[in-house]
Amino acid sequence: MSKPPVKVFNPGRLLRNRELGLSLVLLALVGLIGLRNPAFASINNLQFILGDTAIMIVLALGMMCVLLVGSIDISISAVMALSAMTAGIVMKNNLSQAEAQALAEGAVSAAAVKVSTPLPLLLLLAAGVGAGCGLVNGLLISYGRVLPIVATLGSQYIIYGLSHLVSGGQAVYRKDMSEDFIQFTRGSFLGFNSKVWIMLAAFLVLLVFITYTRHGRRLYAVGSNAEAARLSGINVRAVTLSAHVIMGILAGLAGMLYASHDNKITQDMAMGYEMYVIAACVIGGVSVTGGSGKILGVALGALTIGVINNGLTMLRLTGNSEFWKKAIQGAVILVAIITNVYIQRGHERRVLRERRL
Amino acid sequence: MASVTGKIPAFLRRREWLLAALVLLVFFWFNAREPDNYTFFKLLNQTRVYMVDVGFMALGMLLVLILGDIDISVAATAALSATVMGVAYRGGQGLPFWLSILLMLLTGAACGLANGLLVIRFKELFPMIITLSTQTLYRGIAYIILKDQSAGGFPAWYAKDLGYGSLPLLGLDVPIMLLILLLIFPFYYLWLHRTAAGRRLFAAGTNITASRYSGLHTDRIKLTAFLLNGLFAAIGGFFLTSRTGSVKYTIGTGFEMQAIAVAVLGGASTSGGRGSVPGLLLALLLLTALKNGLMLLYNDAFILNLSVGLLLILVVLIPNLFSALADRRRVLRQRLQLAK
Chain A
-6 MSKPPVKVFN PGRLLRNREL GLSLVLLALV GLIGLRNPAF ASINNLQFIL
44 GDTAIMIVLA LGMMCVLLVG SIDISISAVM ALSAMTAGIV MKNNLSQAEA
94 QALAEGAVSA AAVKVSTPLP LLLLLAAGVG AGCGLVNGLL ISYGRVLPIV
144 ATLGSQYIIY GLSHLVSGGQ AVYRKDMSED FIQFTRGSFL GFNSKVWIML
194 AAFLVLLVFI TYTRHGRRLY AVGSNAEAAR LSGINVRAVT LSAHVIMGIL
244 AGLAGMLYAS HDNKITQDMA MGYEMYVIAA CVIGGVSVTG GSGKILGVAL
294 GALTIGVINN GLTMLRLTGN SEFWKKAIQG AVILVAIITN VYIQRGHERR
344 VLRERRL
Chain B
286 MASVTGKIPA FLRRREWLLA ALVLLVFFWF NAREPDNYTF FKLLNQTRVY
336 MVDVGFMALG MLLVLILGDI DISVAATAAL SATVMGVAYR GGQGLPFWLS
386 ILLMLLTGAA CGLANGLLVI RFKELFPMII TLSTQTLYRG IAYIILKDQS
436 AGGFPAWYAK DLGYGSLPLL GLDVPIMLLI LLLIFPFYYL WLHRTAAGRR
486 LFAAGTNITA SRYSGLHTDR IKLTAFLLNG LFAAIGGFFL TSRTGSVKYT
536 IGTGFEMQAI AVAVLGGAST SGGRGSVPGL LLALLLLTAL KNGLMLLYND
586 AFILNLSVGL LLILVVLIPN LFSALADRRR VLRQRLQLAK
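So the protein lines, in turn, are chains A and B.
The first sequence begins at -6 in the numbering used here and counts up one residue at a time.
The second sequence begins at 286 in the numbering used here and counts up one residue at a time.
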């Protein structure tokens, strides 16, 4: 302790960085799949994967906030469906008016004027609905003392039910969508899909929020020891609530991305998606008991799942690649999670050895 | 808590009374609205659809929940076990049916055992995460075995008598599968609540470290609970298949959430140490009465799920709010006494 540590470049120390380890695994995965099918490692396909994973990353960022405070949210796919459906119905109703008006004014074809409620308003609406769902979840968990799994399991049922009620039993198809909504996830800027830019924006905002703001650090404090956090003057309930609201807002936005990407909004949209998002967080090193996890890790975890999903299709193990993808996805995710545990255990052992414990 | 609810004897404060009252309320409410279609006899008939397969899965889930763990993969386990049975029997051209059933039970137990081993081997991953991935894995295996096909052609006693048969009992036509489920309950109750083996489960769920230090083999207990859960899931799949008559790999999708809902409604907590067999039975009855009534009135699966979710949250939330209120009153009273 007497000698100040001398800073020398130590490759071993660099390798101990968890995020770097994960990115090496990711690179190895890309390389291996690329060896088998060179088309996989092409710039085009990698960009495609990034765009495909953007929605999962947006959701995983929110899920990370919720997991950090020691909570969990399994209702996010339902929130995505409800917020996209609400915005979709508004869009559909306003769209038909616009068409009728244009026809009355003597437009040659109605398709030329597929305009509806402005996109920013729709996004705001979806985010608002998402925030409302997050608020209810958060209230149930923080003030109602309902366990997170039970609360969000129940609200998942309820929110899907609401989405059904809002939809009136019908889906919103491409013909019901305004042109700017359809193009929302199709445009590209500097070679990257607009989904990627939205994801990057969300990533940067949350990075600053979680790493540099007082409230962001409180998420870690509450998750690592709620009682200590309470005694040091943090309003634990309000922090938990805010994490759920953030998750809700991001789920609402992700729902819009998902809907625009799919060109279709159904009442049971994205069912089961929450499982991938939680898996992405766990691979990215977020602890399910709360208090630890890094935002870069979460993005890498989601990318790993994205690469696996896309890779399983590209590998063409047999004639029917979709078949294999469906069949071995679970095994691959399990292997990824368990590998992660071994890396973590090795890391902890090394830390203990350094402290001579 | 004692100050407000203290006037009521302890055994009357149990969750079971609330559930029993709700069962009666739901039954008579729907009975008043649909006097012809919603009768006790018709409800009894519908227990095949709403009660039996979920009931078996919930019995297994209860064990895992008491330990403070959770198993998302039960429905997938049921699907895989039923798939194995269907493929082994191959409509009468494969193995004998009893051997196929045995294989099915073994598959269920093996799935449960695999979950249990992963859970005790990788303690830093949570049972939820592990069973989340094994869920996809088990369904994936069922998909590899069956692809998009379905397997059927089961013997008549299974697909007809067990699936739709009834026994005349006390002037009622009681579905055979319901009878089997109900027969299990008393034994299950005695085992879980009145034997040392059952109490150990509660001990391990309440405080796993304390239990280990007082000499319980907590890992073995966990393994047993997950194994039994897999077995019960297979039995649930068995009855589900007898009702549908054939197996597909998608069979029973979403049943894991229903099983969890039933167990939690019946008084189990996902943080462990709590759970009750009578409560589970009442919760099962409540959901059956509610689902059947809602199906008659609205014929809409989404409305049905919405009300199940609402019920689940309310039954957990309301006692919590009462105890929070009681806590606040107690604090106020103590402050008053201190001020004096």
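Even glycine gets a Cβ: it sits at the ideal position worked out from N, Cα and C.
Using only the alpha-carbon positions, how far apart do residue i and residue j sit?
i                : j                : result
Ala292 (chain A) : Ser285 (chain A) : 15 Å
Leu39 (chain A)  : Tyr423 (chain B) : 30 Å
Gln378 (chain B) : Ser531 (chain B) : 15 Å
Leu447 (chain B) : Met370 (chain B) : 16 Å
Leu224 (chain A) : Asn514 (chain B) : 41 Å
His110 (chain A) : Gln176 (chain A) : In the sequence on display, residue 110 (chain A) carries Thr and not His. Going by the C-alpha atoms only, they are around 14 Å apart.
Leu61 (chain A)  : Leu468 (chain B) : 45 Å
Gly137 (chain A) : Ser148 (chain A) : 14 Å
Arg230 (chain A) : Met57 (chain A)  : 17 Å
Leu417 (chain B) : Arg333 (chain B) : 28 Å
Phe587 (chain B) : Tyr153 (chain A) : 7 Å
Pro460 (chain B) : Leu329 (chain B) : 7 Å
Ser608 (chain B) : Gln622 (chain B) : 21 Å
Asp585 (chain B) : Ile430 (chain B) : 33 Å
Ile493 (chain B) : Val129 (chain A) : 32 Å
Ile330 (chain A) : Gly278 (chain A) : 9 Å
Thr509 (chain B) : Arg485 (chain B) : 12 Å
Gly299 (chain A) : Ile405 (chain B) : 29 Å
Pro51 (chain A)  : Leu15 (chain A)  : Looking at the sequence itself, residue 51 (chain A) is Val, so the reference to Pro does not match. About 19 Å.
Quick check on residue i - is its C-beta less than 8 Å from some C-beta in chain B?
i                : result
Val275 (chain A) : yes
Val23 (chain A)  : no
Gln322 (chain A) : yes
Ser181 (chain A) : no
Tyr379 (chain A) : What the structure shows of chain A is the stretch from -6 to 350, and residue 379 (chain A) is not part of that stretch, so it cannot be assessed.
Ala164 (chain A) : no
Gly137 (chain A) : yes
Leu75 (chain A)  : no
Ala272 (chain A) : yes
Tyr213 (chain A) : no
Ala47 (chain A)  : no
Do residue j and residue i count as a contact pair if the criterion is CB distance below 8 Å?
i                : j                : result
Ala386 (chain A) : Ile545 (chain B) : With chain A represented from -6 up to 350, any question about residue 386 (chain A) goes unanswered, as that position is not in the structure.
Ser76 (chain A)  : Leu234 (chain A) : no
Ala244 (chain A) : Gly27 (chain A)  : no
Thr178 (chain A) : Lys188 (chain A) : yes
Arg497 (chain B) : Thr491 (chain B) : no
Pro141 (chain A) : Ser70 (chain A)  : no
Phe487 (chain B) : Asp356 (chain B) : no
Gly425 (chain B) : Gly304 (chain A) : no
Gly438 (chain B) : Gly376 (chain B) : yes
Gly248 (chain A) : Ala47 (chain A)  : no
Ala363 (chain B) : Ala518 (chain B) : yes
Leu112 (chain A) : Asp173 (chain A) : yes
Thr419 (chain B) : Leu117 (chain A) : no
If you reduce the DSSP assignment to three classes, tell me which class residue i lands in.
i                : result
Phe439 (chain B) : coil
Ala186 (chain A) : In the sequence under discussion, the amino acid at residue 186 (chain A) is Asn, which differs from the Ala named in the question. Note: Asn186 (chain A) maps to strand in three-state DSSP.
Asp612 (chain B) : helix
Leu200 (chain A) : helix
Val601 (chain B) : helix
Pro453 (chain B) : strand
Ile258 (chain A) : strand
Pro563 (chain B) : helix
Ser181 (chain A) : strand
Pro460 (chain B) : strand
Leu532 (chain B) : It should be pointed out that residue 532 (chain B) corresponds to Val in this sequence rather than to Leu. If DSSP states are grouped into helix, strand and coil, Val532 (chain B) belongs with the strands.
Val83 (chain A)  : helix
Kindly indicate if chain A contains any beta-carbon less than 8 Å away from that of residue i.
i                : result
Gly490 (chain B) : no
Glu409 (chain B) : yes
Leu348 (chain B) : no
Gln420 (chain B) : yes
Met580 (chain B) : no
Asn605 (chain B) : yes
Ala343 (chain B) : no
Arg613 (chain B) : no
Ile355 (chain B) : yes
At a CB distance below 9 Å, what residues from the segment 550 to 574 of chain B approach chain A? Give them in sequence order.
Ser554, Thr555 and Ser556
Looking at chain A, which residues of the segment 588 to 600 of chain B have a Cβ within less than 9 Å of any of its Cβ atoms?
Ile588, Leu589, Asn590, Leu591, Ser592, Val593, Gly594, Leu595, Leu596, Leu597, Ile598 and Leu599
With 9 Å as the C-beta to C-beta threshold (strictly closer), list the residues of the segment 515 to 534 of chain B near chain A in chain order.
none
Note down, in chain order, all residues in the segment 421 to 437 of chain B with a beta-carbon under 8 Å from any beta-carbon belonging to chain A.
Thr421, Leu422, Tyr423, Arg424, Gly425, Ile426, Tyr428, Ile429 and Lys432
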